[in-house]
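Below: one structure, written as structure tokens.
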Amino acid sequence: MSGPAASKRPRSNGATGWLLSAPALILLAIAATGPLFIVILYSFLEKGDYSGVRWILSGDAWFRVFFEKDIFDGTVSLADANLAIIWRSVKLSLATTIITFGLGLPTAWFIATRPATQRAFWLFLITIPFWTNLLIRTFAIMEVIRNQGLLNTFLLHYGVISEPIQILYTDTAVLIGMAYVYLPLMVLPLFAAIDRFDFKLIEAGYDLYATRIKVLRRVILPIIRPGIVAGCILVFIPSLGAYVTPRVLGGGKNMMIGNFIELQFGQGQNWPLGAALSTMLLIIVLGSLVVYMRVSAREEPHG
Amino acid sequence: MSIKVAVAARNVGKIYGAGAAAVNALGDVSIDIQQGEFFTLLGPSGCGKTTLLRCIAGFETPTSGTILLSGRDITHTPPSARPVNTVFQSYALFPHLTVADNVGFGLKMQGKSRSEVASTVARVLDLVKLEAFADRLPAQMSGGQQQRVALARALAPAPEVLLLDEPLSALDLKLRKEMQSELKRLQTETGITFVFVTHDQEEALTMSNRIAVMSAGELLQVGTPRDIYDRPVNRFVADFIGETNFLVGEVDGTAVRIASGERLDVPLNGQTGRVTLAIRPEQIKIGTVPGGLAATVTDATYLGTDTHYALALSDGSALVARVQSRTGDDFAVGDTVGVTVDASAVQVLKE
Ligand SMILES: Nc1ncnc2c1ncn2[C@@H]1O[C@H](COP(=O)(O)OP(=O)(O)OP(=O)(O)O)[C@@H](O)[C@H]1O
Ligand SMILES: [Mg+2]
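Line by line, the protein sequences give chains A and B.
Under UniProt numbering, the first residue of the first sequence carries the number 1, and numbering increases by one thereafter.
Under UniProt numbering, the first residue of the second sequence carries the number 1, and numbering increases by one thereafter.
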């Protein structure tokens, strides 16, 4: 609070407060929007000879996000490769969200129903993966699923399979990796919501003739919904922009949009296209948030 | 005339946990609750009232014994398949549903049609005088209103038995009195069997058709409020229900010799040896000596219509008398008085 001086001049309190925090606010505004602004600006420039940009306004990069021109006859067609990568990213991120929710809900439920003294311990276990670098964790997953890895060796040894299953460098590998990496981000908000949940309501549900499934659908899920929304957003958004996991586990072929963007700034030497793709990613995220909010607002109880 | 039994417990026992941590919550409880009755389970905290109620609701399975509902064995029937509803002490209203949706929840789960749900909800909300609140969320209601919603929600599916676990304990005194008569009215109007849990003896006496007094997982006495008040079976019941004076004595022929040496003629049912006499304060008459037991007034509290006298008998044993205040015959501290009691007003309890 503002201290004794402010109490003498209560009317100027607000203005003084703004003035005092102005440097911080300006810095924050520049730091938050500056890079974003540069990315959007670059997406409307022309690509430089080797890298960087030429300061000539152009819609070429945006055109190339969606369409491609045949180098021989100049016919224009949809940029299937780009769209496929964007679609795969959305698909894998949705799948990751669903998988982490499926695993995270029982996990969070389990933790929230432990005696109070044990809960801290279980939550602590959930956060252990955060201690290690993401890259190292991803390589560890690779070690498990590669053809000569733990899983295949085990299955081969016990005769479950006769030759190694190819998991590495497939979408499945990327999914396993992302589900593993983002699971804690789903569990924590779900736990917070379930922890606040009044378990008497379950008894009330059973008492009023609801079956287990009905209690889950009509009582538990609607009430812990804020936690579900938070968890899904926390998993879906970073999955969409994931870079390390698809790079390591998906190999070069199974790119997600993050890898594709990196490619433009690196080997591809097409910064405007990379910038346009980044902006595109931002639009998808914002769009899905808006859709989600619309949907959940409509399902709120009316009255 | 045959009285139909709504709920019956047969030798129900419940042990929570196992090994060293085991808690014997119910010993061996047998009880018949009749159809259309306002039945109250009364007892001190931890005596197993909630446990018995939860066994009837189906939230707990008895360790031994059976629970019958209209003669059917429901001991292992899940709560969702029992035509029994509960009013929870904390109300447990669904926070995400409106009052109308809360009340309609049970009907919807029973698969009733939309129009049937709507009309029943309207009727039940009318019954608890909450028509105007149908579209509110529980969080937008006062405690007393939430209580009514909880009642309406449990009544809406027209259960055979309604279980109420200390439903009034969260309300202030005035609202509590109001809800007591409200509950009684609802019970009479709907004709549903109410099983009501309380540890407030006054509440139990005013509301119930019959009361079961429990202690430490056992049923001590089942009877009408009058039975229990006038003829308690033991010292615990007498002490728990209302105020009681206890005098210890020895059976001597057809009378009882109390500690102060005086003999009292009381109705004995073949008791012998040491007995306890239970006497309600309002049954004690005091007058001028001589006449009756000699006692000294140690304290007098004027309470408007009544005056409470604390008395000491010649051996020092204490008695409390509640006398209607009338001008002219009040006593002062230090006065010596004569105490008399009608023989029929004395309960002889086995020590
Ligand atoms: N889930 C449980 N696990 C272990 N012990 C329990 C459990 N529920 C109740 N108990 C024990 O069983 C005994 C009876 O409990 P119960 O809740 O039935 O008492 P009550 O008569 O309802 O008391 P109150 O008036 O305080 O609500 C108590 O000793 C209690 O500690
Ligand atoms: Mg209780």
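For glycine and all other residues, C-beta sits at the position ideal for the given N, C-alpha and C.
For residue i, return the contacting residues in chain A, with the cut-off set at a CB-CB distance below 8 Å.
i	result
H76/B	What H76/B touches in chain A: nothing, since even the nearest Cβ is about 14 Å away.
T86/B	E203, A204 and D207
Taking residue i as the query, report the chain B residues whose CB atoms sit under 9 Å from its CB, ordered along the chain.
i	result
I223/A	F94, P95 and H96
D198/A	S90, A92 and P95
Please state the DSSP three-state secondary structure of residue i.
i	result
L208/B	The residue asked about is misnamed: residue 208/B is Ser in this sequence, not Leu. In the structure shown, S208/B sits in coil (DSSP, three-state: anything other than H, G, I, E or B).
F197/A	coil
E218/B	strand
F196/B	strand
E116/B	helix
H157/A	helix
A5/A	Unreliable placement is indicated for A5/A, whose pLDDT of 46 sits below 50; the coordinate value is still reported in the next sentence. If DSSP states are grouped into helix, strand and coil, A5/A belongs with the helices.
E203/B	helix
I241/B	coil
V128/B	coil
E60/B	coil
residue 359/B	Within the shown structure, residues of chain B are numbered from 1 to 351, placing residue 359/B beyond reach of any answer.
K253/A	coil
G13/B	strand
L93/B	coil
V181/A	helix
N102/B	helix
V213/B	strand
D230/B	helix
F67/A	strand
G74/A	coil
Is the CB of residue i under 8 Å away from at least one CB in chain A?
i	result
M141/B	no
S90/B	yes
P157/B	yes
A300/B	no
A57/B	yes
With DSSP as the reference, identify every bridge partner of residue i, one or two as the case may be.
i	result
L57/A	L45/A
G249/B	I258/B and V275/B
D73/B	L68/B
L349/B	T276/B
Q34/B	V5/B
Y292/A	Bridge partners of Y292/A: none, in fact.
L36/A	Paired residues: none, contrary to the question.
D306/B	L303/B and Q324/B
G338/B	G287/B and A294/B
D165/B	V197/B
T224/B	Answer is none; T224/B lacks a bridge partner.
D265/B	A255/B
A318/B	A312/B
Please classify residue i as buried or exposed, where buried requires at least 16 neighbouring CB atoms within 10 angstroms.
i	result
T113/A	exposed
S278/A	buried
N269/B	exposed
R72/B	exposed
M293/A	exposed
W18/A	exposed
A57/B	buried
L303/B	exposed
S89/A	buried
D252/B	exposed
G48/B	buried
K47/A	buried
N11/B	exposed
Chain A partners of residue i, CB-CB under 7 Å?
i	result
S80/B	Y206, Y209, A210 and T211
M109/B	L208, Y209, A210 and K214
T61/B	Those do not exist, as T61/B stays about 13 Å from chain A at its closest Cβ, beyond 7 Å.
F105/B	L208
Using a Cβ-Cβ cut-off of 8 Å, state whether residue i counts as contacting chain B.
i	result
E163/A	no
V219/A	yes
L286/A	no
Which residues of chain B have a Cβ atom closer than 8 Å to the Cβ of residue i, listed in chain order?
i	result
D195/A	Chain B residues near D195/A: none, gap ~15 Å exceeds 8 Å.
Listing by chain order, which chain B residues have their CB less than 7 Å from the CB of residue i?
i	result
L201/A	A92 and F94
So with Cβ pairs under 8 Å, would you call residue i a contact of chain D?
i	result
P79/B	This model lacks chain D altogether, as its protein chains are A and B.
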